[in-house]
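FYI, in my numbering the residues of the sequence shown are 22 to 290. See below for the structure under consideration.
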Amino acid sequence: MKIAIVTNESPESTKVGEALKQKLIEEAFILTLTNPDVVVTVGGDGTLLNAFHSYVDQLESVRFVGVHTGHLGFYTDWRDYELDELVKSLKEDTSESVSYPLLEIELSYSDSDETKKCLALNEATVKNLDKTMVAEVYIKDELFEMFRGDGLSVSTPTGSTAYSKSLGGAVLHPRVNAIQLNEVASINNRVYRSLGSPMIIAQDEWIRLDLKRGDNYQLHIDHFVMNQENLSSVRLQLSEKRIQFASYRHTHFWRRVNDAFIGELRRKD
Ligand code: NAD
């Protein structure tokens, strides 16, 4: 089995990555960053997001495993002191995986006929840098509303616990094949009106944002931020591609949500 180890720049991540490397070499695994079968990330959710984008063209053949050096993350199931157990699981690997939905983003520009496509694991957010963002929001090519505000964000189910949650979105179980649209500081008064609540869009539907004002937009895709001149339209839909995680262990999704956001309950009698 070919394994890629992806670390971040922190000393803990580098140290744990090195320790894992030694253990895998002792067990005769092939360590390579090129065409791996399994990508093991050592760090947090950000490290996994980074690795996802590095291997986004190999999603059919790559499975991911996340080791975290801090708190339990949403994409990281293993603690840094569990390396021996992880190596054992890799040795006993049966190629089983669990997969999660991804968001497909298609970008159109006013000065070009070409479109660009990309994938997000957490979300895509469009913001206007200069003025209030004005966008026609289409659902399945039917005009739904005219949005005015700071921006609009569309997340995957696994991204629903990230930026989407801070925007007031619902937490979606990753088995739900849907995307979620969230407003960023919408203007709602007697003149301007948008729904004002998060919307969950089904797998066979898509969202199109036709941008109406200015040409200085910022596009956030997961941890990447890109300035976009002449961006005119953004189409967002659940992708046919999915990310696969090696299913050596299963952390119950709602337990993970509880651990991350609530913690131990203190009962009051
Ligand atoms: P980062 O890597 O510093 O991550 C910010 C926090 O988001 C970290 O605590 C990370 O563990 C957490 N996170 C990432 N993905 C998550 C997920 N799917 N569920 C729950 N928590 C998750 O920040 P960055 O590099 O700027 O961006 C990475 C991600 O961070 C973005 O995709 C976005 O979702 C999120 N983010 C959130 C906010 C916010 O909540 N206001 C702001 C910026 C970025």
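Yeah, the Cβ is synthetic: ideal placement off N, Cα and C, and Gly gets one too. Note that the structure is predicted; figures quoted are calculated from it, not measured.
Assuming Ala-156 and Leu-230 make a contact with CB atoms under 8 Å, what is their CB distance in whole Å? Position 135 of the sequence shown, counted from the start, is the residue given in the question as residue 156. Position 209 of the sequence shown, counted from the start, is the residue given in the question as residue 230. Between the beta-carbon of Ala-156 and that of Leu-230 there is about 5 Å, and that keeps the pair under the 8 Å contact cut.
Roughly how many angstroms lie between the CA atoms of Trp-99 and Thr-177, to the nearest whole one? What you label residue 99 is simply residue 78 of the sequence shown in a count that begins at 1. What you label residue 177 is simply residue 156 of the sequence shown in a count that begins at 1. Trp-99 and Thr-177: Cα-Cα distance of roughly 23 Å.
For Gly-65 and Gly-94, which I take to be in contact (beta-carbon distance under 8 Å), what is that distance rounded to the nearest angstrom? Within the sequence shown, numbered from 1, the residue matching residue 65 stands at position 44. Within the sequence shown, numbered from 1, the residue matching residue 94 stands at position 73. About 5 Å separates the beta carbon of Gly-65 from that of Gly-94, a gap short enough to meet the 8 Å contact definition.
Kindly list the residues whose CB is nearer than 6 Å to the CB of Asn-29, restricted to its own chain and excluding five residues on each side of it in sequence; keep chain order. Indexing the sequence shown from 1 puts residue 29 at position 8. Only Gly-64 and Thr-68 meet the Cβ criterion.
What is the residue span of the beta strand (DSSP E) that Thr-146 lies within? Numbered from 1 along the sequence shown, position 125 holds the residue referred to as residue 146. Start and end: 144-149.
Option in Arg-256, Lys-36, Phe-282 and Gln-239 with minimal Cα separation from Asn-248: Counted from its first residue, the sequence shown places residue 248 at position 227. Closest by alpha carbon: Gln-239.
Through-space distance from Ser-174 to Val-147, alpha-carbon basis: Walking along the sequence shown from the start, residue 147 turns up at place 126. Walking along the sequence shown from the start, residue 174 turns up at place 153. The alpha-carbon atoms of Val-147 and Ser-174 are separated by roughly 6 Å.
Is the closest heavy atom of the ligand NAD to the C-beta of Phe-95 under 6 Å? Position 74 of the sequence shown, counting from 1, holds the residue named residue 95. Correct: Phe-95 has its Cβ closer than 6 Å to the ligand NAD.
When you compare the CB of Val-61 with every CB in chain B, is at least one pair closer than 7 Å? Given the protein chain composition of this structure (a single chain), no chain B is represented.
Member of Glu-127, Ser-181 and Glu-47 whose CA lies at the smallest distance from the CA of Tyr-96: Here residue 96 is taken as the residue at index 75 of the sequence shown, counted from 1. Among Glu-127, Ser-181 and Glu-47, the Cα nearest to that of Tyr-96 belongs to Ser-181.
Taking just the CA atoms, how far does Leu-259 sit from Glu-125? What you label residue 125 is simply residue 104 of the sequence shown in a count that begins at 1. What you label residue 259 is simply residue 238 of the sequence shown in a count that begins at 1. For Glu-125 and Leu-259, the distance between alpha carbons rounds to 6 Å.
Decide yes or no for the touch test of the segment 160-167 against the segment 185-194: beta carbon pairs closer than 8 Å, at least 3 of them. No, because fewer than three Cβ pairs between the segment 160-167 and the segment 185-194 fall closer than 8 Å, the two stretches do not touch.
Buried or exposed: Asp-225, going by 16 or more other Cβ atoms within 10 Å of its Cβ? Counting from one through the sequence shown, the residue named residue 225 turns up at place 204. It is exposed - the Cβ of Asp-225 has fewer than 16 other Cβ atoms within 10 Å.
Using only the alpha-carbon positions, how far apart do Glu-250 and Arg-169 sit? In the sequence shown, residue 250 corresponds to position 229, counting from 1. In the sequence shown, residue 169 corresponds to position 148, counting from 1. For Glu-250 and Arg-169, the distance between alpha carbons rounds to 19 Å.
Considering only their Cβ atoms, is the gap separating Asp-58 from Lys-112 smaller than 7 Å? One-based indexing of the sequence shown puts residue 112 at position 91. One-based indexing of the sequence shown puts residue 58 at position 37. Taking 7 Å as the Cβ cut-off, Lys-112 and Asp-58 do not qualify as a contacting pair.
Select from Leu-193, Val-255 and Lys-44 the residue whose C-alpha is nearest the C-alpha of Arg-277. Here residue 277 refers to the residue found at position 256 when the sequence shown is read from its first residue. From the listed residues Leu-193, Val-255 and Lys-44, the smallest Cα separation to Arg-277 is found for Leu-193.
State the DSSP-derived secondary structure class of Ala-72, mapped to helix, strand or coil. Taking the first residue of the sequence shown as 1, we reach residue 72 at position 51. The answer is helix: DSSP assigns Ala-72 an H, G or I state.
Please name the residue or residues paired with Ile-264 in a DSSP beta bridge. Against the sequence shown, residue 264 aligns to sequence position 243. Residue pairing by DSSP puts Ile-264 in a beta bridge opposite Tyr-121.
Can you tell me where the alpha helix (DSSP H) holding Gln-224 begins and where it ends? Here residue 224 refers to the residue found at position 203 when the sequence shown is read from its first residue. Neither: Gln-224 is in no alpha helix (DSSP H) and is coded neither H nor E.
Leaving out the 5 sequence neighbours to the left and right, which residues in its chain are closer than 7 Å to Arg-270 when beta-carbon positions are compared? Taking the first residue of the sequence shown as position 1, residue 270 is located at position 249. Closer than 7 Å at Cβ, skipping near neighbours: Asp-98.
Identify every run of the alpha helix (DSSP H) within the segment 136-204, keeping only runs that are complete inside it and at least 4 residues long; order them along the chain. Taken in chain order, the complete alpha helix (DSSP H) segments of 4 residues or longer contained in the segment 136-204 are 184-187.
Check whether the Cβ of Asp-171 sits closer than 6 Å to any heavy atom of the ligand NAD, and report yes or no. Against the sequence shown, residue 171 aligns to sequence position 150. Because no heavy atom of the ligand NAD lies under 6 Å away, the Cβ of Asp-171 does not count as near it: no.
How should Trp-275 be labelled, buried or exposed, when 16 other C-beta atoms within 10 angstroms of its C-beta is the threshold for buried? Here residue 275 refers to the residue found at position 254 when the sequence shown is read from its first residue. The residue in question, Trp-275, is exposed, as its Cβ has fewer than 16 Cβ neighbours within 10 Å.
Which one of Phe-245, Trp-227 and Met-154 has the shortest CA to CA distance from Asp-236? The residue you call residue 236 lines up with position 215 of the sequence shown. Distances from the alpha-carbon of Asp-236 to those of Phe-245, Trp-227 and Met-154 put Met-154 closest.
Residue range of the beta strand (DSSP E) that includes Val-59: Counting from one through the sequence shown, the residue named residue 59 turns up at place 38. Note, Val-59: beta strand (DSSP E), 59-64.
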